[in-house]
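Each remark here refers to the structure printed beneath this line.
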Amino acid sequence: MSVKTIKYSQRLGDVLRCLPAAKHLADQGHEVFFDCLPQYHSVFDLVSYVKAGSKGDIIDLEVWPNKYEVYRKSKRSWTDFVYSHPEIKDADKTNIILDKLDDKSAEGLPETYNLVAPFGLSQGHYRNPLELIVRARQTMGKDNFFVLCPADIKIQGLNTYTAPSVEQMAKAIRGATDFWAINSTPIILASATRRDKQTGFFPQKNEWETDNIFSFEGMTNMD
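In our numbering, the protein residues as written are 1297 to 1519.
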């Protein structure tokens, strides 16, 4: 078999959503690389079937900017649109496998905790993070309640957790008793790590609905 490279340079969540494509190609016997921005390369520490780099045949799956208008006009979900590429159309597109993620707990969190992830980039339908935090804390309780935050955000009076790596974020999400998230990287990691647990999801709406993650076992729409 030949060498294949999946190209999807930006947006961590989309890189993660392309992993089933890489797994599909690897299962066919190809050597698989992934061409994305360097800040996302730690993703590939969590999988055995694809490495960072660019070699061989290029499979360009990236939506923005060249395919964005076509994507919006298609009214198809992101997953169906991207996985319509003929080389990956038979992939198990909703099964993100992190086969090198070990069983250790996330660093810096207690043994038992609840977690909400209210922040994300490129949200066409804006979700107010403060409103989600308040609702989550009222439902989950204040004890061992944490807000998953980017490094540049600090919240006075609340426990926050900033994951130092994709690996630690995945572990933090996996280990939470209750976990709520908007349509961003954390919900995609939840699909890979929380199939046996309940996960609350605050989706994109209206014309942005097609951006939402696929449904997965344990996910509940919170609207």
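Just so it is clear, CB atoms sit at the ideal spot from N, CA and C, and this is done for glycine as well.
Three-state secondary structure assigned by DSSP to residue i
{"i": "residue 1323", "result": "helix"}
{"i": "residue 1481", "result": "helix"}
{"i": "residue 1362", "result": "coil"}
{"i": "residue 1447", "result": "coil"}
{"i": "residue 1340", "result": "helix"}
{"i": "residue 1502", "result": "helix"}
Anticipated Cβ contact below 8 Å, residue i with residue j, distance rounded
{"i": "residue 1331", "j": "residue 1301", "result": "5 Å"}
{"i": "residue 1514", "j": "residue 1495", "result": "5 Å"}
{"i": "residue 1317", "j": "residue 1379", "result": "7 Å"}
{"i": "residue 1440", "j": "residue 1410", "result": "6 Å"}
{"i": "residue 1414", "j": "residue 1405", "result": "About 17 Å separates the two Cβ atoms, so there is no contact after all."}
{"i": "residue 1492", "j": "residue 1436", "result": "About 19 Å; that fails the 8 Å criterion."}
{"i": "residue 1373", "j": "residue 1506", "result": "5 Å"}
Proximity of residue i and residue j at Cβ, strictly below 9 Å
{"i": "residue 1510", "j": "residue 1478", "result": "no"}
{"i": "residue 1357", "j": "residue 1304", "result": "yes"}
{"i": "residue 1311", "j": "residue 1343", "result": "no"}
{"i": "residue 1346", "j": "residue 1366", "result": "no"}
{"i": "residue 1464", "j": "residue 1387", "result": "no"}
{"i": "residue 1488", "j": "residue 1384", "result": "no"}
Proximity winner among the options, relative to residue i (alpha-carbon distances)
{"i": "residue 1452", "options": "1442, 1500, 1421, 1459", "result": "1442"}
{"i": "residue 1352", "options": "1298, 1490, 1425, 1401", "result": "1298"}
{"i": "residue 1371", "options": "1432, 1517, 1508", "result": "1508"}
Enclosing alpha helix (DSSP H) for residue i [first to last residue]
{"i": "residue 1469", "result": "1462 to 1471"}
{"i": "residue 1429", "result": "1425 to 1436"}
{"i": "residue 1378", "result": "1374 to 1378"}
Continuous beta strand (DSSP E) stretch holding residue i: start and end
{"i": "residue 1353", "result": "1353 to 1356"}
{"i": "residue 1411", "result": "1410 to 1413"}
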